[in-house]
Each structure stands twice: as structure tokens, then as C-alpha cells.
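One structure below.
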Amino acid sequence: MDDSFDTFIKDMLNAKQWNTAVDGDVRRQLESDLKNRLTDQVNRSVIEAMPEDRIDGLNGLLDREAPDEEVQRYIADCGVDVRRITLETMLRFRDLYLGSKGR
Numbered sequence: 049m050d051d052s053f054d055t056f057i058k059d060m061l062n063a064k065q066w067n068t069a070v071d072g073d074v075r076r077q078l079e080s081d082l083k084n085r086l087t088d089q090v091n092r093s094v095i096e097a098m099p100e101d102r103i104d105g106l107n108g109l110l111d112r113e114a115p116d117e118e119v120q121r122y123i124a125d126c127g128v129d130v131r132r133i134t135l136e137t138m139l140r141f142r143d144l145y146l147g148s149k150g151r
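For what it's worth, the working numbering labels the leading residue of the sequence shown as 49, then goes sequentially.
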């Protein structure tokens, strides 16, 4: 997902025309900051979509630093549509960043 987030963030910045307004180092830092914010929002949205009685199980996996695949499988087994949630969160993020309305 990192590559798709990278592309998404770069496209957002290009839409804002940041490619001509800032130098390369500033742009790279901005891309990194936005990617971290987007990742946080997606993670939060996925957790909020989980049934409350499954949160403790997720916390247990995270506490023992389970492999990503195991965490992803657990979330999917909870019935969470991660793809849909990720897409919706990315669209909201873009709309907020670009100032779009009506989504």
C-alpha cells in the first residue's frame, strides 16, 4: 500500500501545484508528512470499523508485534472491508486537503 499512498500524495501535491512552489527537500518532507497523516487516518478508520468485542484481540496482536499478515488476516476475519474503508478515507483526505466539497 505504500506505493499507492506515495502516488496518491504526489498526485495531490501536483493538483495543488506544489511542484513549482517549493524546493525538493521541502516537497519530500511534505510528502512524508502527508503520507504519515493519511496512514494514521486509514488505520483509525479501520479500527473504528471493527466490532468492539474484537478490539482486545487486535491489541493483543499489536502488543506481541505479530506479523503484518496476521494482523491483516485478523481484521479481515472481523468482517472489515479494508479496501472500501481505505478508499473512502483517501477520498475524504484528498477533499479536505484540496478543499473540495460534495463528496
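Even for Gly, the Cβ is constructed at its ideal location relative to N, Cα and C.
Could you tell me whether the Cβ atoms of residue i and residue j are closer together than 9 Å?
i: Thr-134; j: Val-94; result: yes
i: Leu-86; j: Met-138; result: yes
i: Val-90; j: Leu-78; result: no
i: Met-98; j: Val-128; result: yes
i: Arg-102; j: Cys-126; result: yes
Taking the alpha-carbon positions, what's the residue i to residue j distance?
i: Pro-115; j: Leu-109; result: 8 Å
i: Gln-136; j: Val-130; result: With the sequence shown as reference, residue 136 is identified as Glu, and Gln is not the correct amino acid for it. Cα to Cα, Glu-136 sits roughly 10 Å from Val-130.
i: Phe-141; j: Asn-84; result: 12 Å
i: Met-100; j: Glu-117; result: Before going further, note that residue 100 is Glu rather than Met in the sequence given. The alpha-carbon atoms of Glu-100 and Glu-117 are separated by roughly 21 Å.
Closer than 7 Å by C-beta to residue i: which residues in its own chain qualify, once you throw out the five before and the five after it? Chain order, please.
i: Tyr-145; result: Met-60
So which of the options has the shortest CA-CA distance to residue i?
i: Ile-123; options: Asp-81, Leu-106, Lys-83, Lys-64; result: Leu-106
i: Leu-82; options: Phe-53, Ala-63, Gln-65; result: Phe-53
Q | Length-filtered (3 minimum) beta strand (DSSP E) runs lying within the region 97 to 149 | A | none
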